[in-house]
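Here is the structure we will look at, set down as C-alpha cells.
Numbering (the working numbering), first residue to last: 311 to 830.
See below:
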C-alpha cells in the first residue's frame with residue numbers, strides 16, 4: 311500500500327466527513343450562533359487533519375513550520391470555539407459579564423500572534439523523526455504544557471456537562487446533557503492516552519486529534535436522536551417540552567388534551583384534566599365568561615391575570631396568553647401560563663415598604679404626610695401628635711440593638727392600640743413617632759394624649775424577664791387656630807414636644823399661639 315493511500319485513509323477521509331457535517335449544520339440554520347460555532351469547530355478539526363496530510367506529503371524538514379503555523383494554531387482555537395458553543399447552547403453566556411463574552415473564549419489568539427511575531431513555535435515540538443510512513447514529533451516542554459492545558463479544559467467541559475445533566479429536570483434536555491457528558495469523558499481519556507503516549511510505527515502522530523471525530527459523533531447523535539439543533543419542523547416538540555412556561559392545549563369544553571412538563575408541575579395535573587378545576591374558586595365565574603367569549607369570538611388573551619390552584623390547594627398568581635391551533639380541523643386553545651406569584655408578592659412587598667416602616671410595620675413618613683393631607687382636605691378639625699421616646703438611647707446602649715428593635719415594635723403596638731379608627735400612628739425615624747387624629751372637641755385630643763401616656767405606663771416592655779418602662783414626651787398641635795398646613799402643624803407639635811423634653815419629660819403639651827397648656 312502506497313504512502314498516499316495510507317495518508318488518504320488517515321487524514322482525507324476524516325476531513326471529508328467533517329466537511330460534510332459542517333456544511334449540513336450550516337444549511338440547517340446559518341443564522342443561529344450555535345450552528346455557526348459548531349460548524350467552525352468542525353472546520354478547525356478539518357484543518358488539523360489537512361495539516362497532517364500536507365505535512366506527511368512534504369519533506370520532514372518542513373514539519374516544524376507546518377506544525378507551528380498551521381497545525382498548532384488550528385488546535386489552539388478549538389477549545390475556545392467549543393466552550394463558546396457550550397456557553398451559548400446551555401445559556402451560561404447570559405450570566406457572563408458583557409466585557410468578557412465572547413472575547414474570553416478566544417484568548418488563544420495571543421499565542422498565535424506570538425508565533426507569527428516571534429517566528430518561533432511556542433506551543434509545539436520543533437524536532438521530528440520518521441518511523442516508517444509517519445513523521446513523529448519529539449516531545450518537549452512546550453508540547454507537554456500545551457497538552458496538559460488542553461486536558462484541563464477538557465475536564466472543565468466534562469464537569470460543566472455533568473452538573474448541567476444533574477440539575478436538569480426536563481427529560482429530553484437531561485438526556486442531551488448525559489450523552490454529551492459521556493462522550494466528553496471518552497474524549498478526555500482519548501486525548502490523555504494518545505496525547506502523551508506515542509505508539510510509533512503503529513498509530514499516526516498526534517493520534518489524539520481523532521477525539522474530534524468522537525465528539526462530532528456525539529453532536530450528530532444529539533441532532534438525530536434528541537432533536538438537538540433540529541430543523542424548525544421538529545424543533546417545536548423540543549420547545550414545547552423544554553419550555554419553562556406552562557403550556558396547555560385545551561378544547562372548547564375546557565378539557566386539557568395536552569400539557570408540557572412545566573404545566574404538569576405547576577398544576578400537579580391528575581386524571582381530572584379540566585382547566586376550570588384549576589382556577590381559584592373566587593375567580594372561576596370570571597374565567598368561565600372569559601373562556602367562553604374567547605372561544606365564541608376566537609380572540610386571543612394577552613397578559614390576562616388570574617389565580618390558579620393546584621391539587622395541594624396552593625394558589626398562585628399567573629398571567630395567561632392564548633392563541634388558537636387546529637387539531638383534527640377543530641379549534642383548540644394554546645394557552646401559555648406564566649407563573650408571576652413571586653413577582654406579584656415582591657411587588658406587593660415593595661408597595662407595602664414604600665409606605666410602611668419595615669421594622670414596626672407602621673406607616674412611614676411618606677404615608678403620614680399623604681394621609682394627613684387628605685384629612686386636612688376632608689375633616690373639620692385635625693390634631694397632630696409628635697411622640698418622642700424618653701431614654702431610648704440608654705435602652706440601646708445597655709441591652710443592645712436587638713432589644714432596642716423589639717422595644718420599638720412594642721411601642722408601635724401600644725400606639726396602634728391608642729390611635730385607631732379616627733386616628734393613625736406612624737414611625738418617621740429612630741425613636742420618633744407621629745400620629746394624626748380627627749376630632750370634634752379638643753377634649754378628645756387631650757384624652758388621646760393622656761391615653762398615650764397611660765397605655766405606655768400600663769404596658770412596660772417585658773422581654774426575657776427584663777422589665778423596661780416605656781416613657782415619651784408628646785407634643786400636640788391642631789387646626790383649631792386656623793392653621794391647615796401639615797408642615798406648620800408638625801413644627802408647632804415639635805416645639806411643644808421639645809418644651810416637655812427640656813423639663814420633666816414623660817408628659818404631653820399642647821401648642822397654642824396664646825397659651826401652651828401643660829396637663830398630666
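All C-beta atoms in this analysis are idealised placements derived from N, C-alpha and C, irrespective of residue type, glycine included. Keep in mind it's a predicted model, so treat the numbers as computed, not measured.
By a beta-carbon distance limit of 8 Å, residue 674 does not contact residue 722. Their separation comes to about 12 Å. Taking the Cα positions, residue 565 is about 32 Å away from residue 477. For residue 801, the enclosing alpha helix (DSSP H) covers residues 796-812.
The straight-line gap separating the alpha-carbon atoms of residue 402 and residue 416 is approximately 17 Å. Ranked by Cα distance from residue 356, the first of 563, 522, 400 and 517 is 522. Listed as beta-bridge partners of residue 640 by DSSP are 637.
By the Cβ neighbour-count rule, residue 660 is exposed, with fewer than 16 other Cβ atoms within 10 Å of its own. The Cβ atoms of residue 806 and residue 819 lie closer than 7 Å to each other. Rounded to whole angstroms, the Cβ separation of residue 748 and residue 685 is 6 Å, and the two are in contact under 8 Å. Listed in chain order, the alpha helix (DSSP H) runs fully inside the stretch 567-610 are 571-577 and 594-607, counting runs of at least 4 residues. Below 8 Å, enough C-beta pairs join the stretch 548-558 and the stretch 568-580 to call them touching: three or more. For residue 439, the pairing in a beta bridge is given by DSSP as 446. Residue 321 is not a Cβ neighbour of residue 381, given a cutoff of 7 Å. Per the coordinates, the alpha-carbon of residue 465 lies some 38 Å from the alpha-carbon of residue 653.
CA-CA distance, residue 683 to residue 697, rounds to 20 Å. Judged by beta-carbon spacing, residue 765 lies beyond the 7 Å limit of residue 713, meaning their Cβ atoms are not closer than that value.
Of 614, 621, 591 and 590, the smallest CA-CA separation from residue 600 is found for 614.
Annotated three-state conformation of residue 778 is strand, per DSSP. Distance between residue 786 and residue 740, taken at the CA atoms: about 19 Å. Within the same chain, and ignoring the five residues on either side of residue 650 in sequence, the residues whose Cβ sits closer than 7 Å to its Cβ are 627, 628 and 629. Comparing alpha carbon positions, the residue from 561, 794, 637 and 717 closest to residue 689 is 794. Shown here, residue 411 sits in coil according to DSSP, grouped into three states, outside any helix or strand.
If you look at residue 615, you'll find it in the beta strand (DSSP E) that goes 614-619.
Residue 810 and residue 703 have their alpha carbons spaced roughly 18 Å apart. DSSP, read as helix, strand or coil, puts residue 751 in coil. Within the stretch 647-710, the runs of beta strand (DSSP E) at least 3 residues long that lie entirely inside it are, in chain order, 692-699. For residue 433, the closest alpha carbon among the candidates 369, 386 and 326 is that of 386. The stretch 424-433 and the stretch 501-513 do not touch, with fewer than 3 CB-CB distances between them shorter than 8 Å. In this structure, the alpha-carbon of residue 491 lies about 32 Å from that of residue 448. Secondary structure at residue 793: coil, using DSSP grouped into helix, strand and coil. Contact annotation, residue 526 with residue 328: C-beta distance approximately 7 Å; criterion of less than 8 Å satisfied. In this structure, DSSP gives residue 507 a state outside helix and strand, which the three-state scheme calls coil. Judged by DSSP in its simplified three-state form, residue 631 adopts strand. For residue 558, there is no enclosing alpha helix (DSSP H); the enclosing beta strand (DSSP E) covers residues 556-560.
DSSP places residue 738 inside the beta strand (DSSP E), whose first and last residues are 733-739.
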